[in-house]
Ligand code: IVH
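Numbering (this note's numbering), first residue to last: 613 to 1281.
Here it is, written out as structure tokens:
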């Protein structure tokens, strides 16, 4: 393809992708399938790799991430990011209103009420329509430059086409993790035996500061904007700035309202007290802002916060109810979770009947006893929590809770590892919920994806003794399935077909499906890519395991423990003999691609993520050539830290592209 053709195709692809992204995120509509969308994006990424000069800083290819930032640069905000004063009562609000009224010396004024989004503040700077910088609040004066991570947030426009706004403008808002995404992420963590995240806010904050923007991209963060700083005099009210932002394509929560007085503000507060729980994100209060910009200016700021705005915090919701029982659940990994069985009570928009008590320490800390009246809270955390006991209501005859000593499912004495809070049932191969849990984990969508198998069928297969391990699934015959209650010919053939088809599942998904503790989907992908097949992985020593990027000591230990068990090896051998693929696909194997076909590289300096030899290997596996000296024919100088200045000078003189490790990562992604 000629450079001109490539250029027009890049422009066309970028426009199409931006169009579909906007349509999807702003109007929840799609004109093309996910697959077609991915194809467009892939074509664009490939063209940009071939012709790096065609890659714009606002290219939609940046949404998928791929850059690594070891240390975020510190940047100074153009104006400090202040905080808001808090109020907790009608009286506080009325006092605020009196202060505003006095400050405005009898002028008429109105408020805009908004919800207070419980996320992480962000500042976005656009220059000539292009997103130039995204920064965290930091200490209010200086924050971290997290531009690459922010670019993965699909609802943050990478460019805006608005001639009425100044050439440089700043937008501020709140990045958050939608509740459903947070819940799914936590489910995944629990599933692999990890502690769940405490709340969506911290998770969003942690995600924004991750080094690998590729992972940030998978976190599906979102962002509501609530302020625009521009020289445009037409934007003379907060309401107009919200409308302008919305027209420019920013994500504005439609929940704001203009209020003429504190009475209307109070009505807004009441309206959202319950309803806010239906929103896709956590909100802990509302923000009241004087609408007129000139009046905002007139009122000004104190050292810490504006005088023209204040927040009203909803009380963290709590209720009292009766603790009827403490039951115990056994998870796939054998972990025991005590659960409070409560008399149903309304809390923060839902009925709460049960709450996790986490472990024995928690029961002891709260001194919980069956029959107690307990406090239940739902603050920033979505999951309800028992926070205490109303001692005044305790019956004199109540006894302290004795934690169970045996497994409630199989009666095996429980164990508690040194330094761990959780009790485990060690009967891995004989405890029903552990066995069924492993099969459920194995067949789930992200693993073998056998959707013709559900929880009920697994129960039946287990009860009848037909399936007690994942490998048993592949021994099932049509007659055996037909003998199950409620299985007819069609459902039977669907089930058998589903199991048969799963034999094409890629290695990394099988690896995840095995349910090795701490090996989630991402870790499984990293391991598969590194070792290529099961046999190499099984041979790896502890030291070789922890050499793999992002594999820490905990995962390495867990893998070694899994590999040391005979029954696990036997399972793998049986799965292999059924034809499951225990190696990565040839296309994913070496050579990994021809993406660097015809391109020559000199690799020099010290790198953060890869060793020099590792980089050379990757270049070769992707069709590129590694040479030792810089000449006019060279395509790229891959430059790390501590590269000699003479090399850089020479490359610059000969107009050779000098690329960094993160540019290279983008190329091979
Ligand atoms: S306006 C001078 N509006 O609350 C600060 N802030 O305590 C003006 N926040 O750092 C901020 N929702 O992160 C504003 N609708 C909203 C908000 C909001 C959440 C956060 C923001 C800020 C903190 C102030």
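By construction, the Cβ of each residue, glycine as well, lies at the ideal position given by its N, Cα and C atoms.
Boundaries of the alpha helix (DSSP H) around residue 819: 812 to 820. Within the segment 816 to 871, the complete alpha helix (DSSP H) segments at least 4 residues long are 825 to 830, 850 to 860, listed from N- to C-terminus. As the crow flies, the alpha-carbon of residue 672 is around 39 angstroms from that of residue 881. With a cut-off of 8 angstroms, the C-beta of residue 749 is classified as near the ligand IVH, since at least one heavy atom of the ligand falls inside that distance.
When secondary structure is reduced to three states using DSSP, residue 708 falls in the helix class.
Ranking 1237, 619, 1233, 678 by CA distance to the CA of residue 829 puts 678 first. For the segment 895 to 970, the full-length beta strand (DSSP E) segments reaching 3 residues or more read 895 to 902, 921 to 925, 929 to 942, 948 to 959, 962 to 968 along the chain. Around the beta carbon of residue 971, a 10 Å sphere encloses 16 or more other beta carbons of the protein chains shown; the residue is thus reported as buried.
When distances are taken from the beta-carbon of residue 728 to the heavy atoms of the ligand IVH, the shortest one is below 8 angstroms. The Cβ-Cβ distance between residue 769 and residue 834 does not fall below 9 angstroms. With fewer than 16 neighbouring CB atoms inside 10 Å of its own CB, residue 1173 falls in the exposed class.
Residue environment: residue 997 is assigned as buried (16 or more neighbouring CB atoms within 10 Å of its CB, all protein chains considered). DSSP places residue 1147 in the uninterrupted alpha helix (DSSP H) bounded by 1146 to 1151.
With respect to the 9 angstroms criterion, residue 922 and residue 950 are not classified as neighbours on the basis of their beta carbons. Collapsing the DSSP output to three states places residue 1137 in a helix. Residue 909 has its CB no nearer than 8 angstroms to any heavy atom of the ligand IVH. Distance from the CA atom of residue 812 to the CA atom of residue 731, rounded to whole angstroms, is 8 angstroms. With contacts defined by Cβ atoms closer than 9 angstroms, residue 1058 and residue 1130 do not form a contacting pair. Classified as exposed, residue 631 has fewer than 16 neighbouring CB atoms from the shown chains inside 10 Å of its CB.
Contact between the segment 684 to 697 and the segment 914 to 934 is established, with three or more Cβ pairs separated by less than 8 angstroms.
If you draw a straight line from the Cα of residue 814 to the Cα of residue 780, it comes to about 31 angstroms.
Annotation: the continuous beta strand (DSSP E) that includes residue 1213 extends over 1212 to 1216. When rounded, the separation of the alpha-carbon atoms in residue 637 and residue 862 is 10 angstroms.
Secondary structure at residue 784: strand, using DSSP grouped into helix, strand and coil. Per DSSP, the unbroken beta strand (DSSP E) holding residue 735 starts and ends at 732 to 739. Look at residue 870: its beta carbon is at least 8 angstroms from all of the heavy atoms in the ligand IVH.
Taking every protein chain shown into account, the CB of residue 1264 has fewer than 16 other CB atoms within 10 angstroms, so this residue is exposed. Around the beta carbon of residue 705, a 10 Å sphere encloses 16 or more other beta carbons of the protein chains shown; the residue is thus reported as buried. Residue 961 holds the alpha-carbon nearest to the alpha-carbon of residue 891 among 1193, 1096, 961, 722.
Apart from the 5 residues on each side of it in sequence, residue 885 sits with its Cβ closer than 7 angstroms to the Cβ of 926 in its chain, given in chain order.
DSSP lists 735, 757 as the beta-bridge partner residues of residue 747. With at least 16 other beta carbons inside 10 angstroms of its own, residue 831 counts as buried. Distance from the C-beta of residue 786 to the nearest heavy atom of the ligand IVH is below 8 angstroms.
Where residue 880 is concerned, the enclosing alpha helix (DSSP H) starts and stops at 874 to 887. For residue 1017, no beta strand (DSSP E) run applies, since DSSP gives it neither H nor E. At the C-beta level, residue 1051 and residue 1081 come within 9 angstroms of one another.
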